[in-house]
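Line order of the protein sequences matches chains Z and U.
Letter by letter, the first sequence follows residues 1 to 442 of the numbering used here.
Letter by letter, the second sequence follows residues 1 to 442 of the numbering used here.
Beta carbons are placed, not taken as given, at the ideal position from N, Cα and C, and that holds for glycine.
Read through the structure below, which is laid out as structure tokens, and then see the notes.
Number of protein chains: 2
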Amino acid sequence: MNRRDFTSRLAALGLTPALSRLLAIPEIGSAALAPRVDGARLNRHIAELSRFGANPQGGVTRLAYSDADRQGREYVLGLMRDAKLTPTIDAAGNIIAARPGRDGSRKPILFGSHIDSVPEGGNYDGDVGSLAAIEVAQSLGEQGITTRHPLQVVIWQNEEGGLYGSRAVSGQLTGDELQNVSRSGKTIADGIAFLGGDPQRLGPTRRNKGDIAGYLELHIEQGGTLEREHTDIGIVEGIVGIKQWEVTVTGFANHAGTTPMDQRHDALLAAARFVDAVNRTVTSIPGRQVGTVGRMQAFPGAPNVIPGQAICTLELRDLDEAKIDSLFASISAKATRIGGETGTTFAFRLLHENTPAPSDARVRALIADSARELGLTMKVMPSGAGHDAQAMATLGPMGMIFIPSIGGISHAPKEFSRPEDIVNGANVLMASLLKLDAVDWT
Amino acid sequence: MNRRDFTSRLAALGLTPALSRLLAIPEIGSAALAPRVDGARLNRHIAELSRFGANPQGGVTRLAYSDADRQGREYVLGLMRDAKLTPTIDAAGNIIAARPGRDGSRKPILFGSHIDSVPEGGNYDGDVGSLAAIEVAQSLGEQGITTRHPLQVVIWQNEEGGLYGSRAVSGQLTGDELQNVSRSGKTIADGIAFLGGDPQRLGPTRRNKGDIAGYLELHIEQGGTLEREHTDIGIVEGIVGIKQWEVTVTGFANHAGTTPMDQRHDALLAAARFVDAVNRTVTSIPGRQVGTVGRMQAFPGAPNVIPGQAICTLELRDLDEAKIDSLFASISAKATRIGGETGTTFAFRLLHENTPAPSDARVRALIADSARELGLTMKVMPSGAGHDAQAMATLGPMGMIFIPSIGGISHAPKEFSRPEDIVNGANVLMASLLKLDAVDWT
Numbered sequence: 001m002n003r004r005d006f007t008s009r010l011a012a013l014g015l016t017p018a019l020s021r022l023l024a025i026p027e028i029g030s031a032a033l034a035p036r037v038d039g040a041r042l043n044r045h046i047a048e049l050s051r052f053g054a055n056p057q058g059g060v061t062r063l064a065y066s067d068a069d070r071q072g073r074e075y076v077l078g079l080m081r082d083a084k085l086t087p088t089i090d091a092a093g094n095i096i097a098a099r100p101g102r103d104g105s106r107k108p109i110l111f112g113s114h115i116d117s118v119p120e121g122g123n124y125d126g127d128v129g130s131l132a133a134i135e136v137a138q139s140l141g142e143q144g145i146t147t148r149h150p151l152q153v154v155i156w157q158n159e160e161g162g163l164y165g166s167r168a169v170s171g172q173l174t175g176d177e178l179q180n181v182s183r184s185g186k187t188i189a190d191g192i193a194f195l196g197g198d199p200q201r202l203g204p205t206r207r208n209k210g211d212i213a214g215y216l217e218l219h220i221e222q223g224g225t226l227e228r229e230h231t232d233i234g235i236v237e238g239i240v241g242i243k244q245w246e247v248t249v250t251g252f253a254n255h256a257g258t259t260p261m262d263q264r265h266d267a268l269l270a271a272a273r274f275v276d277a278v279n280r281t282v283t284s285i286p287g288r289q290v291g292t293v294g295r296m297q298a299f300p301g302a303p304n305v306i307p308g309q310a311i312c313t314l315e316l317r318d319l320d321e322a323k324i325d326s327l328f329a330s331i332s333a334k335a336t337r338i339g340g341e342t343g344t345t346f347a348f349r350l351l352h353e354n355t356p357a358p359s360d361a362r363v364r365a366l367i368a369d370s371a372r373e374l375g376l377t378m379k380v381m382p383s384g385a386g387h388d389a390q391a392m393a394t395l396g397p398m399g400m401i402f403i404p405s406i407g408g409i410s411h412a413p414k415e416f417s418r419p420e421d422i423v424n425g426a427n428v429l430m431a432s433l434l435k436l437d438a439v440d441w442t
Numbered sequence: 001m002n003r004r005d006f007t008s009r010l011a012a013l014g015l016t017p018a019l020s021r022l023l024a025i026p027e028i029g030s031a032a033l034a035p036r037v038d039g040a041r042l043n044r045h046i047a048e049l050s051r052f053g054a055n056p057q058g059g060v061t062r063l064a065y066s067d068a069d070r071q072g073r074e075y076v077l078g079l080m081r082d083a084k085l086t087p088t089i090d091a092a093g094n095i096i097a098a099r100p101g102r103d104g105s106r107k108p109i110l111f112g113s114h115i116d117s118v119p120e121g122g123n124y125d126g127d128v129g130s131l132a133a134i135e136v137a138q139s140l141g142e143q144g145i146t147t148r149h150p151l152q153v154v155i156w157q158n159e160e161g162g163l164y165g166s167r168a169v170s171g172q173l174t175g176d177e178l179q180n181v182s183r184s185g186k187t188i189a190d191g192i193a194f195l196g197g198d199p200q201r202l203g204p205t206r207r208n209k210g211d212i213a214g215y216l217e218l219h220i221e222q223g224g225t226l227e228r229e230h231t232d233i234g235i236v237e238g239i240v241g242i243k244q245w246e247v248t249v250t251g252f253a254n255h256a257g258t259t260p261m262d263q264r265h266d267a268l269l270a271a272a273r274f275v276d277a278v279n280r281t282v283t284s285i286p287g288r289q290v291g292t293v294g295r296m297q298a299f300p301g302a303p304n305v306i307p308g309q310a311i312c313t314l315e316l317r318d319l320d321e322a323k324i325d326s327l328f329a330s331i332s333a334k335a336t337r338i339g340g341e342t343g344t345t346f347a348f349r350l351l352h353e354n355t356p357a358p359s360d361a362r363v364r365a366l367i368a369d370s371a372r373e374l375g376l377t378m379k380v381m382p383s384g385a386g387h388d389a390q391a392m393a394t395l396g397p398m399g400m401i402f403i404p405s406i407g408g409i410s411h412a413p414k415e416f417s418r419p420e421d422i423v424n425g426a427n428v429l430m431a432s433l434l435k436l437d438a439v440d441w442t
């Protein structure tokens, strides 16, 4: 693409003058002439996809295995065909659209994301990375670029329920999990069949370490750091490890009118002090670790009965598993002390565990180079949320690109990323993909 | 009854030697010859009533308006007829069994309690006072005693749901409340009809201030004070006032992985600090006041979502309404401060309010005299629980008698009062009734 083509394309985008200036910043030099995506088309696709499962109050409820999910996938399959890709549905229900490379002996580079949502979710989580991946593939085709490596655009199924599609491919999905009931009401096995997969034949879908040349994923940050710090691009240092526990506090239920304050074994009072202790412990040391009590219920749950039991959850996240363990040790010691003060006992049951998944340092460098060449500001940061990329990190070099989420809002109808940030992210994805295609790592 | 009769009756009771000694303490003098109830019969009736709605794990679930409630009432009606009383069911569904007095122009003295229970309740709350009242009436008959005042043994309906039967009689029940849904699943109106009342014709059931000569109720303490202090009888100073609020804490729901600790508006963290503040405020001053958060739920309630809302209850009880109000003012100021610290807001909605109901000082003196003459230890104390007696206190002089609850356990299958304590309570009830019958208060 020559300079005049580039300028006319900018005009055709119909985007804000600010964005045009931003895209045009490196006016002279090769970077300005590097391949770019069709940003207007990408943002139009995002708007179109948002129709499937649209909520009256905005955002979408596009639960994995729902009719809205299947309709959204049909729309995506159409985009892939328009992009001259050849989509197929693997046995795990993932959509995989191949684009041949010049050297058929090379392992493929995978890139993509997911389009399923949480209940009352937004229009950007997953959708941006999915449609940007298709847009990158389409732009490569339109600009006559063929990579050395075969490319595979992947739309993972049921990310929000627990990375089911990507974990099937990485071999982390256990057979038992196929009987889990998803938020759609269907079991995972029934959901996979509903999407056109075959839950009885997951074996051949599985890939091994070294089977991929790399994996890239563009995603919204889902936090407010990039926006607050006026930074264009987040380069994901790794995806944090997560441990979740169910915490049961046992006291003794009794009459709230007749039991003096000093004779109580109030499970909710103990649980309340526990919630405060979790917060104080997690914030007592520097770092990006987070700790959350997201669920809480007191039993029997009547205004006039001292709770005999309280059940809550505890979740800790950090890039460093040892830090998670040391926070838990400290919290658990405080729980024991609170139990002693309140005449209650605490029991912890591990619900769920994800080990931290660091991204590949070499891929991070390629992403940083790409962002720099595009004139974008950047920041290396952890991903506090889980992503399909963490499953892919077990198979080959993984990199993730974040763009700002306005107000840090995610998993909610008000989730929003600016069109110009989405275009920035897609351009960094394309540039990083081409750089990854060009390197030979052994 | 002469001395020989009394001694042989003691033997017939088949009770512990300790109780026989206790009953026999004032061996010489008129008190020893005062009328006594048939304690063995009373305890047998309590055991028999416990069959209706019996739980497999002990105790009863005899919800107002359930089949078990109606069966229990049939049993009670039979006891009343055996006791030569004439039971009727009033329009509010209460069972009222009249026993004529010598002076038909006098207002009646009422005494009784309730036999409905909470879910998975015990065999003593309400049952003891109900069956003791019938036992007192039967013993009076058997001993040829006719009071000056007409007597009415009353079994109030749906005490546990909110004193519905007694409040209908005192005129405190509003027409709207008839559509409340009780724990049985029936509305109050349907429940009253189910028991043989007529919810359309409550008017004539209502009594006015001065319509009764007095009201007495025997009840288990439902707290552990009498047992802990080895005291036989509690003389109720008054029934505490109760205020209940629903407390809504509003923050902002967000992703628990991507939202840094210092960017959160965690409604559950705020609610947890509130629960702790309630406890510390209520226990920071001397007195018998109690404060309870019995219900708590966080929304949306997922382990990986920072709660955007938490809803809990607050209940404060004390004999002094001004103290309740001053505690609430202090708690509510602390809530505002917690809201400021956590980026959340607190809203309070009054759910329910009972004004304190002091007992009549003169009736308390009669009860104290009765206990003293029976050689029993006693203590003046508030009732932390609500009772039908508080509705009756609006109509005439009210007095309540407590007996020990072992371990202070109530509203639970393990609720227990010793047979000898029950007999003590019934004898104090009978003696107090006779003293009340003998006085002429203007």
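Residue-chain proximity (residue i, chain Z), Cβ-Cβ < 8 Å
i: U:Arg9; result: Reliability of the predicted coordinates at U:Arg9 is poor, the pLDDT of 49 falling under 50, and the value obtained from them is presented with this limitation in mind. Cβ-Cβ to chain Z under 8 Å: no for U:Arg9.
i: U:Glu221; result: yes
i: U:Pro413; result: no
i: U:Leu195; result: no
Sequence-distant residues of the same chain with beta carbon closer than 6 Å to residue i, five excluded per side
i: U:Thr394; result: Ser170
i: U:Val271; result: The sequence shown places Ala at residue 271 of chain U, not Val. Excluding residues within five positions, the ones whose Cβ falls inside 6 Å are Val249, Ala310, Cys312.
i: U:Gly234; result: Glu221, Leu226, Lys379, Met381, Phe402
i: Z:Glu160; result: Asp116, Val118
i: Z:Trp156; result: Asn94, His114, Gly165, Ser166, Asp388
i: Z:Gly214; result: Ile109, Gly396, Pro397, Leu436
i: Z:Phe416; result: Ile406
Within-8 Å CB hit, residue i to chain U
i: Z:Thr259; result: yes
i: Z:Ser447; result: Limits of chain Z in this structure are 1 at one end and 442 at the other, which puts residue 447 of chain Z out of reach.
i: Z:Glu341; result: no
i: Z:Gln263; result: yes
i: Z:Leu140; result: no
i: Z:Asn2; result: Caution applies to Z:Asn2, whose pLDDT of 43 falls short of 50 and renders its modelled position unreliable; the model cannot decide the point.
Residues of its chain near residue i, where Cβ-Cβ distance is below 8 Å and the 5 sequence neighbours each way are ignored
i: Z:Ser184; result: Leu63, Ala64, Tyr65, Ser66, Asp69, Gly191
i: Z:Thr336; result: Phe346
Residue i and residue j closer than 8 Å at C-beta
i: U:Ala391; j: U:Ser166; result: yes
i: U:Gly78; j: U:Glu217; result: no
i: U:Ile46; j: U:Asn123; result: yes
i: U:Glu315; j: U:Thr292; result: yes
i: U:Pro35; j: U:Ser139; result: yes
i: U:Ser370; j: U:Ala431; result: yes
i: U:Pro260; j: Z:Arg317; result: no
i: U:Ala277; j: U:Ile338; result: yes
Sequence-distant residues of its chain with Cβ nearer than 7 Å to residue i (five each side left out)
i: Z:Ser30; result: Residue placement at Z:Ser30 cannot be trusted, given a pLDDT of 47 that sits under 50; the coordinates are not used to answer.
i: U:Thr205; result: Asp90, Ala91, Ala92, Ala168, Val169
i: Z:Glu27; result: Residue placement at Z:Glu27 is flagged as unreliable, the pLDDT there being 39, under the threshold of 50; a coordinate-derived value is accordingly withheld.
i: Z:Ala253; result: Pro300, Val305, Ile306, Pro307, Gly308
i: U:Arg148; result: Gly101, Arg102, Asp103, Arg106, Asp437
i: U:Lys209; result: Thr394, Leu395
Distance cut-off 7 Å: residue i Cβ against heavy atoms of the ligand ADP
i: U:Glu373; result: This structure does not include the ligand ADP; it has no bound ligands of any sort.
Completely contained beta strand (DSSP E) runs for the segment 193-234 of chain U, where each covers 3 or more residues: 214-220
Which residues, taken in chain order from the segment 270-301 of chain Z, show a beta carbon closer than 9 Å to some beta carbon of chain U? Ala271, Ala272, Arg273, Phe274, Val275, Asp276, Val278, Asn279, Val282, Thr283, Arg288, Gln289, Val290, Gly291, Thr292, Val293, Gly294, Arg295, Met296, Gln297, Ala298, Pro300, Gly301
Entirely enclosed beta strand (DSSP E) segments - the segment 66-135 of chain U, minimum 3 residues: 86-89, 95-99, 109-114
Given a limit of 7 Å on CB to CB distance, which residues of the segment 300-331 of chain U reach chain Z? Residues Gly301, Ala302, Pro303, Asn304, Val305, Ile306, Pro307, Thr313, Glu315, Arg317.
The segment 222-256 of chain U: which residues have C-beta closer than 8 Å to a C-beta of chain Z, in chain order? Gln222, Gly223, Gly224, Thr225, Val240, Ile242, Gln244, Ala253, Asn254, His255, Ala256
Counting only Cβ-Cβ distances shorter than 8 Å, please list the residues of the segment 147-175 of chain Z near chain U, keeping chain order. none
Could you please tell me which residues of the segment 356-390 of chain Z, in chain order, have their CB closer than 8 Å to any CB of chain U? Ser383, Gly384, Ala385, Gly386
Secondary structure, alpha helix (DSSP H): runs of 4+ residues fully inside the segment 294-359 of chain U: 321-342
At a Cβ cut of 8 Å, what residues of the segment 419-440 of chain U count as close to chain Z, listed as they run along the chain? none
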